[in-house]
Structures are given as structure tokens and as C-alpha cells.
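Trainee: Protein sequences appear in the order of chains A and B. 58 is the number of the first residue of the first sequence in our numbering; add one for each residue after it. 6 is the number of the first residue of the second sequence in our numbering; add one for each residue after it. For each residue, glycine too, the CB sits at the ideal point set by N, CA and C. The following block contains the structure, expressed as C-alpha cells.
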Amino acid sequence: MNKQIRRLGVVLTALYIVLFGFLNYWQIVDADSLNKHPANTRAVVRDFTRARGAVQTADGVVLARSVDSKDNFKLQREYPEGALFGPITGYFSFSYGTDGVERTYNDLLTGRGQKLELRRLRDLLLTKEHNANITLTLTKQLQQVATQALGTRRGAVVALDPRDGAVLAMVNFPSYDPTPLAGHNQENVRATWDLLNASQDKPLLPRSFRERYFPGSTFKVVTASTALANGRTPTNPVFPQLTSLLLPNTINQRLSNFGGSRCGGNIAQGLRVSCNTVFAQLGLDLGGPILAGGANAFGFNQRPPLDLPAPTTSFFPDGGVLDKDKPALAKSAIGQQDVSASPLQMALVAAAIANNGTAMTPHVFAEARDSEGKVVSRFRPKPWVRAVTPEVASQMRDLMIDVVARGTGRLGAIPGVQVAGKTGTAQTGRDTSHAWFICFAPAEAPTIAVAVILENQSNVSEVTGGVDAAPVARAVVQAALAQPRPAAP
Amino acid sequence: MIRVRRNTELGLVLLAALITTGAYVLASLGRSATLPADVGPFLGVVLALLGVAHVATRRLAPAADGMLLPLAALLNGIGYVFIARLDHKLAALQSLWTGVGVLAFVATLLVVRRARDLERYRYTLALLGVGLLMLPLAPGIGQNINGNRIWVRLAGVSFQPGEMAKIVLAVFFASYLIEKQALLSQTRRFLGLMLPQFSLKHLGPLLLAWAASLVVMLAEKDLGSSLLFFALFVAMLWVATARATYLCVGGLLFGAGSFVAWETFAHVQDRVRIWINPWPYDHGYQLVQSMFALAAGGLSGTGLSLGTPQRIPVVTSDFIFSAIGEELGLFGTTAVLAAILLMVGAGLRIAVRADSGFEKLLAVGLTTILAVQSFIIIGGVIRVVPLTGVTLPFVSYGGSSLVANYILLALLLRISSDSAERHAAAVGADETRVQYRV
């Protein structure tokens with residue numbers, strides 16, 4: 058019988074080897090895909106009960122933190138600054154998932170980032186928090202200035218440091234307070250959620266990077282840059298003085314200057330007063346493919362690599378299609394027709410000119426530190442798009458200085474500081490238009506680039522952007538220059 | 006030799022107690038970051054229970070294998086820590102049942118002074134076994150719980166007689182097969198093949214016992230136990246006769262049984278479908294959660310009390326292995342597999358060393374129960390085989406299972422001690438035995 062017993066032993070051992078094999082498969086090989094399976098809510102629950110790192114501004118103000126709660130979840134997420142930073146921090150909601158920094162940097166905040174994971178083996182026997190605290194590039198001070206300047210007008214402000222792409226301020230109005238969404242009473246959370254979603258003003262929409270508008274005349278910066286990059290100079294060619302331009306291939310469709318004003322001249326003169334007929338004709342002369350190429354060089358039709366969830370892609374039509382539709386080409390050259398851009402994209406256009414033609418990768422993340430204060434991750438600046446050459450950027454800077462000094466952007470001027478900018482007014486209805494202003498300063502060595510949009514202002518003229526939006530940008534630039542950002546290490 | 010075995014056992018039992026207490030402390034630290042208030046009494050109770058068991062083997066089965074008791078204690082301890090971490094009320098009951106289990110262990114060693122005595126009661130035991138199996142079907146005391154009619158409620162206490170029945174029937178199979186060993190091993194030439202003599206006279210009672218237990222199992226819808234019985238029967242028959250033909254016939258019978266079960270029970274089809282693909286089915290929720298738990302555990306686990314295994318339905322009994330997988334990771338599950346395999350190895354070693362055919366076969370049967378039952382439930386919760394609800398020996402929550410497994414353990418130790426003592430006597434080391442049998 059002993060032979061049989063030994064054989065039985067072999068058979069039973071084989072059964073257990075099969076079990077061991079399957080365990081390895083489920084627990085190691087297939088673990089990642091199981092953990093990420095849509096039906097698997099463990100990660101959510103675990104993140105919800107697990108200590109989560111704090112988020113703070115560059116000036117040390119806490120934006121998100123976890124505090125003890127008396128219920129099953131043990132921890133309650135709260136956002137002390139509320140709506141001021143709502144669209145940036147996002148929310149951490151049991152029912153509605155996450156958004157903002159809470160989503161993008163979830164792994165770091167929960168201690169599941171790779172670097173933290175590696176350190177964990179060493180820390181196996183030590184009890185300590187593995188989650189990291191995150192510092193953003195934004196400051197409460199500038200965010201507040203921008204929020205106050207925007208006031209209760211629907212719109213957005215985006216301020217970037219053109220040198221490294223750091224977001225200095227990013228404001229949306231209306232905004233929302235994420236704290237109620239992170240609550241543990243799911244009925245209350247749902248009520249808040251439904252209320253926010255029912256609002257016509259779309260407070261949950263971070264319009265600064267997730268909404269697109271007609272860029273209007275601010276797009277003339279792109280058209281002018283493309284022209285300068287393609288053999289034109291600020292003073293040549295010269296366009297005729299017109300009140301309106303007859304569009305090619307049409308019976309009598311005319312593209313007018315605002316208020317029927319008469320303007321013309323070279324590119325510098327055209328940009329200064331934001332002359333539609335000059336840039337429409339310039340666009341027609343350049344042709345669809347070259348104009349589209351210029352827009353794409355500034356990052357149109359590409360998703361900006363912002364480290365917040367789902368930034369929208371700004372749109373410029375296909376060059377070949379525009380060549381077949383000349384009226385559309387003329388309108389596209391002045392930022393109308395089907396052209397659309399997010400406030401972030403227009404800030405990046407200003408930042409590209411400011412940074413010798415290169416737009417840096419925009420980001421809100423500065424660094425993450427572990428509970429001992431050691432840096433576990435730090436943002437390394439990298440170029441995003443090379444829009445124009447430094448020479449073209451330098452010419453454009455002078456043209457934009459001129460816009461603020463003597464043109465439509467006079468209200469953006471700051472005593473003692475050279476500001477380069479461009480206004481925009483995109484008509485949205487008979488009596489309404491979006492007011493735009495993009496700028497950077499100090500023009501000779503820019504440290505801030507700003508884009509401002511005010512939705513549906515109730516006056517329509519070429520100076521709308523200059524009148525309504527430029528002062529907002531000016532307030533932000535002034536505050537930023539008063540408190541220079543510490544040089545990046 | 007004998008003293009070495011007992012001292013090894015003592016050392017390992019203490020180690021098991023320390024590991025259990027350590028895990029208990031860790032579970033409390035994970036839950037509330039505090040030391041458990043009752044860690045002193047807890048260690049005391051663990052030591053007392055294991056001490057009683059150890060002293061009992063020292064006195065009643067002094068030459069027995071020294072590995073089995075510590076391994077069982079370890080599995081029991083880890084299981085208890087998980088039950089306590091998942092459900093406080095069940096933990097109180099489980100500790101009570103552990104006490105009863107240890108008492109049953111001692112009682113078995115006391116009552117069964119020689120394993121061979123059991124051989125005499127074979128037909129009584131066969132009757133008892135079938136009776137125990139049928140008990141849940143009896144009106145009035147039988148109870149339907151979760152669609153299985155395997156419970157009996159008497160005087161306010163519920164238990165599963167099937168857990169005891171498998172041991173009793175293993176004893177019966179062993180004695181019967183040994184008696185008929187020569188007959189069953191006879192071969193004749195048929196169509197050029199050497200086939201055993203199939204005669205109803207010899208195989209009849211056996212087939213009857215097997216069929217009866219299968220019928221009862223199917224009536225009680227307890228597929229796991231049914232499978233276990235079948236595997237037990239075939240393994241013992243094969244070991245007793247060394248005829249591979251029985252394996253083939255067993256395989257055919259298994260196929261036929263599976264087919265009948267498939268045709269008869271909707272829930273059998275359900276189980277198989279879920280095993281093949283658990284995702285689209287509501288009923289697959291349990292298995293899906295089990296796999297999520299295993300994946301969440303990964304290599305080193307989330308840590309005791311730091312996972313969420315309570316999301317798996319019936320996690321304390323059928324799915325306790327998944328909870329271990331989540332919180333102790335692959336390290337923990339491998340340790341449990343290794344502990345069970347070591348127990349199986351020790352059991353088969355006892356079988357090899359036993360010098361009487363009956364003891365050999367009984368040890369094989371008892372070990373097979375342990376190995377196959379563990380395989381069925383672990384394989385079920387990690388999707389190696391379709392899920393059939395049986396307990397994980399010593400680990401799962403369940404009084405009947407715990408008591409039955411402690412009796413099983415006592416019987417194995419009894420066989421081990423008897424044959425080692427006889428062996429020692431044969432080589433003239435009698436004085437050694439006398440000296441240490443204090």
C-alpha cells in the first residue's frame with residue numbers, strides 16, 4: 058500500500074501546486090487589472106477610509122485636508138478655502154468620484170505613487186503615513202486678487218508663469234465649494250450635486266480649461282505671428298483703409314470692422330486698433346494651410362498637457378477645408394467662424410510669445426512631500442509647443458506693447474511696467490459679446506502671462522475687451538509683480 | 006525519540022500561540038491603533054487550550070507525530086483572528102467551539118485507546134454514519150439554511166452532522182476495504198485487460214454506502230460534501246487495492262453523478278457558469294468580490310484589519326481564505342497552503358509508517374478528507390473549481406467542523422503514536438517508552 062500512499066501524496070501535492078499557481082495569478086499577475094476593474098469599488102472605499110495627503114498653495118494655505126470623522130469612513134475630506142479653489146482642488150466624493158487635483162494626484166495623495174510604493178518595503182515595520190502632501194504653484198493671494206477682479210461676472214482668469222508653465226492663478230465664476238460633495242451623508246451629497254448641475258451658470262464647469270469660446274480678436278496674435286513667420290514684416294505689406302471687406306466667392310457678403318470704423322495699414326497698425334479687414338485679408342493672403350499650421354504651432358487642435366482632468370482641446374479648422382471656403386478662411390483669421398479656444402489656450406498663446414516663442418507645459422503641481430517633509434516628487438518644467446522663433450516672438454512682443462501703450466489695450470497698462478497685450482471681442486448675440494484680454498509683463502523679461510474672458514458682456518464694440526477684461530488682467534499682473542515668485546530651484 | 010517529538014511539539018505549539026497572539030494584536034492595531042485590552046487573557050486562553058491538548062498527547066499518545074497539533078493550532082488561531090476581526094459575535098462562539106473541539110480531541114484520545122479497536126465496530130459505524138447523514142432530512146429537527154438542508158437543531162444548538170459522518174464513514178471504509186482487500190484486488194483477464202473481479206457480493210455493501218451517502222447529499226444539496234465523499238471513497242479504494250481500474254470506474258461514476266446533478270439542479274448549472282465566467286451574473290458577485298479581495302491583497306496584503314474583506318458575503322466561513330488573501334497577501338495564503346500541505350504530508354507519513362492495514366487506510370482516509378476538503382473550498386473561492394460550500398478545516402467559522410476536525414486530528418495522532426510505540430517495542434526500546442510515558 059505504501060507505493061499507493063506515496064502516489065496519493067504526489068497527486069495531493071499537485072493539487073496544492075495548482076492552487077498556488079492560481080493564487081500567484083490572481084494576486085500578482087492579474088491583480089492590477091482586477092484592481093482597476095470598473096466593478097471594483099474597493100479602491101474607492103479604501104481611498105475613502107485611508108488617510109489622504111493635504112493640498113496646499115505655494116504660499117502655504119491649506120486647500121484640502123482630511124480630518125477625523127466619527128463615522129465608518131473614519132476620515133472626512135474638507136476644503137477650507139471652499140469655492141476660491143474649488144475647480145482646482147476638485148472634489149473627493151464617494152458617489153461622484155473625483156475631479157481636479159484630487160483626481161490627477163490621487164496616487165500621491167493616497168500613498169500609492171510608485172516612489173512611495175518602493176519606499177514602503179523599507180518601511181514595512183514602521184507605522185507612518187505613506188501619503189504625500191502636495192504643494193501647488195498657485196497662491197491664495199493672487200487667486201483672491203483675480204477672484205475679486207472678476208467679481209460676479211461669468212468668466213475665467215488664467216495666469217501662467219511663461220518661464221516654466223506654472224499656473225499662478227486660475228479662477229472661474231461661478232465656482233463651487235467642494236466640501237459638501239465630499240460629505241458622508243449621500244443624500245445631502247446628491248442634493249448638492251443635483252443643485253449644482255441644475256444651475257444654468259454651470260458652476261461645476263471649470264471654464265478656464267474645460268470650456269471653449271470664440272477667441273475673437275485675441276486670435277489676431279496667432280494670425281500676425283504666422284504672417285511674421287512666413288515672410289511678412291510688421292510694416293510690410295500695407296492693407297487699404299476699409300470699413301468692410303467683400304469676401305471672395307460671395308455676391309456681397311462683407312466682413313465689417315467694429316462699429317463700421319475705417320482702418321487699414323500694415324500689420325503693426327492693424328493689430329494696434331484690432332483692424333478686422335487687415336487680418337481677414339492677411340489670412341486670405343496666407344492661405345488655409347499656412348494659417349492652420351500657425352494655429353497648430355500654438356497648440357490648437359492639441360490637448361494642452363495641463364495636470365487637471367480633461368482640459369479641452371482648442372479648435373482651428375483644417376487648412377485644406379479653409380482654402381475651399383474663402384469666407385470661412387477670412388473669418389477664421391480673426392478668430393471667428395469655427396475657431397474656438399479655452400482661456401488656458403489663450404494664456405498659453407501669450408505665454409509662448411513671452412517665452413521667446415515656446416509655450417511651456419502648464420501645470421498646477423509644484424511638489425509632493427512625504428510626512429517627514431522629504432520631497433518625493435517635483436515638477437520638472439518642459440516645453441509643450443514651439444510656436445514661433447525667438448525673432449518672431451520678439452517682433453510680436455513689440456507689437457503687443459504697442460497695443461497696450463497706444464491701442465485698444467490701454468486699460469491694461471501699468472505705470473512703470475511695460476505690458477504687452479491684445480484685446481478681443483467676440484460677438485455672441487445682437488447685443489452681447491465675450492470680452493477677452495491676453496497679456497504678459499514685464500514685456501522685457503516676462504514673469505506672468507494672463508488670459509481673461511468675461512462671458513456675454515452687454516456692449517458690443519472693439520473696445521469691449523479693452524474696457525471690461527483688461528482691468529481684470531491689470532489687477533492680476535500688478536499683484537503678481539508686487540510679490541515676485543521665488544525662483545524655481 | 007519519543008521525548009524529542011513531544012518537546013518539538015511543545016515548542017511549535019508555543020510558536021503557534023505566539024503567532025496567533027501577535028496576529029490578534031496586529032488586527033487590533035490595524036483597527037484602532039491601540040493594543041487590545043484583553044491581550045493578556047487572550048494569550049492565557051490560547052495557551053490554556055493548547056496546553057490541555059499538548060498535555061493530553063503527552064500522556065495519551067506520547068509517541069505521536071509532533072507536527073500535526075501545532076499546525077492545526079496555527080490554522081485555528083489565524084482563522085480565529087480573522088473571525089474576530091470580521092464579526093465579534095461569531096468570534097465568541099468560535100472560541101467556545103474551539104474549547105469544545107479541544108475537549109473532543111482529549112476525549113477521543115481517551116476513548117480510542119487503540120486505533121484497531123475501531124475496526125470491530127465497522128457496521129455500527131456504517132449505520133451511524135448513514136444515520137448522521139440522514140439526520141438533517143428528519144422532519145422537526147432538520148433545518149434548511151441558505152438552501153442547504155445540512156443542519157440539525159437539537160436543544161437549541163445547531164450543528165452539521167455531516168461533518169462527523171465523514172470521519173465515521175472513513176473508519177467504516179477503512180475496515181471494510183481491508184477485510185475485502187484480497188478479494189477486491191483479484192484480477193481476471195477480460196478483452197486482454199487485467200480487470201478486478203467485480204462481484205456484487207464484495208462491492209455491494211460498499212456501493213450501497215456510497216450511493217446512500219450520495220443520495221442524501223443530493224437531497225441535502227450539499228455538493229461540496231458529496232464531492233468530498235466521493236473522492237474519499239475512490240482514494241481509499243485505490244490505495245487499498247492498487248488497481249487503477251477503480252480510478253477509471255470512479256471517474257466514470259463521477260461523470261455520471263455530475264451529469265445527474267447538472268440535469269437535476271439549477272444551482273449546479275449556476276455554479277459552473279459562474280466558475281467559467283463570473284462577471285455577467287448577479288450570483289457571481291460573491292466570487293467576483295473574492296477575486297477583488299485577492300487582487301487587493303497582492304504580495305504582502307493590506308495588513309490585518311486594513312482591508313475590506315467584509316464585502317464578500319459569508320466571508321467568515323466559506324470565503325475566509327479570500328479574507329486572508331486580502332489582508333495577508335500571497336505571503337499569508339501561501340503560508341496557509343503550506344500549513345495544510347504539511348499536515349497532509351504528516352498524515353500520509355503516519356499512513357506509511359503504520360504497520361496494520363486498517364490503520365494505514367484510516368490514516369489515508371482522514372488525511373484525504375483534510376486535503377480534499379481544503380482543496381475544494383480554496384479552489385472554489387479562487388476559481389480553480391466551481392464553488393461548493395464546505396468549510397476550510399480549522400480556519401473557517403463553524404462549530405461542527407471544528408469539533409470534527411479535532412477528532413480527526415486525535416485519530417491521526419492515535420494511529421501515529423500506536424505504530425511508533427509498536428515500532429519502538431519491536432526494536433527493544435521498551436524501557437524508553439515506559440520511562441517517558443509519564
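1) Tell me which residues of the stretch 141 to 160 of chain A have at least one Cβ-Cβ distance to chain B shorter than 8 Å, keeping chain order.
2) Looking at chain B, is there any beta carbon in it that lies within less than 8 Å of the beta carbon of Q133(A)?
3) Buried or exposed: D415(A), going by 16 or more other Cβ atoms within 10 Å of its Cβ?
4) Distance, Cα to Cα, L233(B) vs P75(B)?
5) Which first and last residues belong to the alpha helix (DSSP H) in which P237(A) is found?
6) Would you tell me roughly how many angstroms separate the C-alpha atoms of G84(B) and K131(A), rounded to the nearest one?
7) For N163(A), decide whether its Cβ has a neighbour in chain B, counting only Cβ atoms nearer than 8 Å.
8) What residue from A66(B), L79(B), V44(B), R64(B) has the CA that sits closest to L19(B)'s CA?
9) Check each residue of the stretch 153 to 164 of chain B: if its Cβ is closer than 7 Å to any Cβ of chain A, include it; give the result in chain order.
10) If we require 4 or more residues per run, which alpha helix (DSSP H) segments fall completely within the stretch 133 to 159 of chain B?
11) Quick one: what's got a C-beta closer than 6 Å to A530(A)'s C-beta in the same chain, skipping five residues either side?
12) Hey, is the stretch 341 to 353 of chain A in contact with the stretch 383 to 399 of chain A, meaning 3+ C-beta pairs nearer than 8 Å?
13) According to DSSP, what are the bridge partners of F164(B)?
14) Report the option in R289(A), A398(A), S265(A) whose CA atom is closest to the CA atom of P366(A).
15) Counting only beta-carbon atoms, is L353(B) nearer than 8 Å to chain A?
16) Would you identify the three-state DSSP class for L183(A), choosing helix, strand or coil?
17) At the level of alpha carbons, what is the spacing between L193(A) and G385(B)?
18) Would you call the stretch 341 to 359 of chain B and the stretch 313 to 321 of chain B in contact, with 3 or more CB pairs under 8 Å?
19) Could you tell me the alpha carbon to alpha carbon distance between S424(B) and Q291(B), rounded to whole angstroms?
20) If contacts are defined as beta-carbon pairs under 8 Å, then G139(A) and D218(A) qualify, I think. What distance do you get, rounded to the angstrom?
21) Return the first residue and the last residue of the alpha helix (DSSP H) that V342(A) is part of.
22) Does the Cβ-Cβ distance between G327(A) and F296(A) come in under 8 Å?
23) Kindly list, in the order they appear in chain B, the residues whose Cβ is closer than 8 Å to that of Q84(A).
24) Using a Cβ-Cβ cut-off of 8 Å, state whether M58(A) counts as contacting chain B.
25) Provide the residue(s) that pair with T290(A) in DSSP beta bridges, ordered along the chain.
26) Just list the residues that DSSP pairs V417(A) with in beta bridges.
27) Which class does H288(B) belong to by DSSP, given the choice of helix, strand or coil?
28) Helix, strand or coil: which one does DSSP assign to S422(B)?
29) From the DSSP output, read off the bridge partner residues of N190(A).
30) According to DSSP, simplified to helix, strand and coil, what is N412(A)?
31) Using a Cβ distance threshold of 8 Å, determine whether the stretch 414 to 422 of chain B contacts the stretch 350 to 364 of chain B, with at least three qualifying pairs required.
32) So, with DSSP's three-state summary, where would you put A506(A)?
33) With distance defined between alpha-carbon atoms, name the residue in T70(A), V75(A), V102(A), R64(A) nearest to A301(B).
34) Would you please verify whether the beta carbon of I505(A) is less than 8 Å from any beta carbon of chain B?
35) Where does the unbroken alpha helix (DSSP H) through H93(B) begin, and where does it stop?
36) For the beta strand (DSSP E) containing I495(A), name the first residue and the last one.
Mentor: Taking the definition as stated:
1) Within the stretch 141 to 160 of chain A, no residue qualifies.
2) no
3) The sequence given here places Thr at residue 415(A); Asp does not occur at that position. Label assigned to T415(A): buried.
4) 25 Å
5) Here P237(A) belongs to no alpha helix (DSSP H), and DSSP marks it neither H nor E.
6) 26 Å
7) no
8) When only C-alpha atoms are compared, the closest one is L79(B).
9) Listed by position along the chain: nothing, the set is empty.
10) none
11) Cβ-Cβ distances below 6 Å link A530(A) to G469, F494, C496, V507, V509 in the same chain, with the five nearest sequence neighbours on each side left out; the list follows chain order.
12) Taking one beta carbon from each stretch, the stretch 341 to 353 of chain A and the stretch 383 to 399 of chain A have 3 or more pairs nearer than 8 Å; the two touch.
13) V157(B)
14) With distances taken between Cα atoms, P366(A) lies closest to S265(A).
15) yes
16) Per-residue confidence for L183(A) stands at a pLDDT of 47, beneath the threshold of 50, marking its modelled position as unreliable; the derived number appears in the next sentence. Three-state result, L183(A): coil.
17) When rounded, the distance between both Cα atoms is 49 Å.
18) Short answer: they don't touch.
19) 45 Å
20) Going by Cβ atoms, the distance from G139(A) to D218(A) rounds to 25 Å, so no, they are not a contact pair.
21) This sequence places Asp at residue 342(A); Val is not what is there. From DSSP, the alpha helix (DSSP H) with D342(A) extends over 333 to 343.
22) The answer is yes: Cβ separation under 8 Å.
23) For Q84(A), the residues of chain B that pass the 8 Å Cβ criterion are L299, A300, G302, G303, L304, G330, G334, L335, T338, in the order they occur in the chain.
24) yes
25) N293(A)
26) Looking at the sequence provided, one finds Met at residue 417(A) rather than Val. Looking at the DSSP output, M417(A) sits in a beta bridge with P440(A).
27) helix
28) helix
29) R426(A)
30) DSSP places N412(A) outside both helix and strand once states are collapsed to three, so it counts as coil.
31) Yes, they touch.
32) strand
33) V102(A)
34) no
35) 93 to 116
36) 490 to 498
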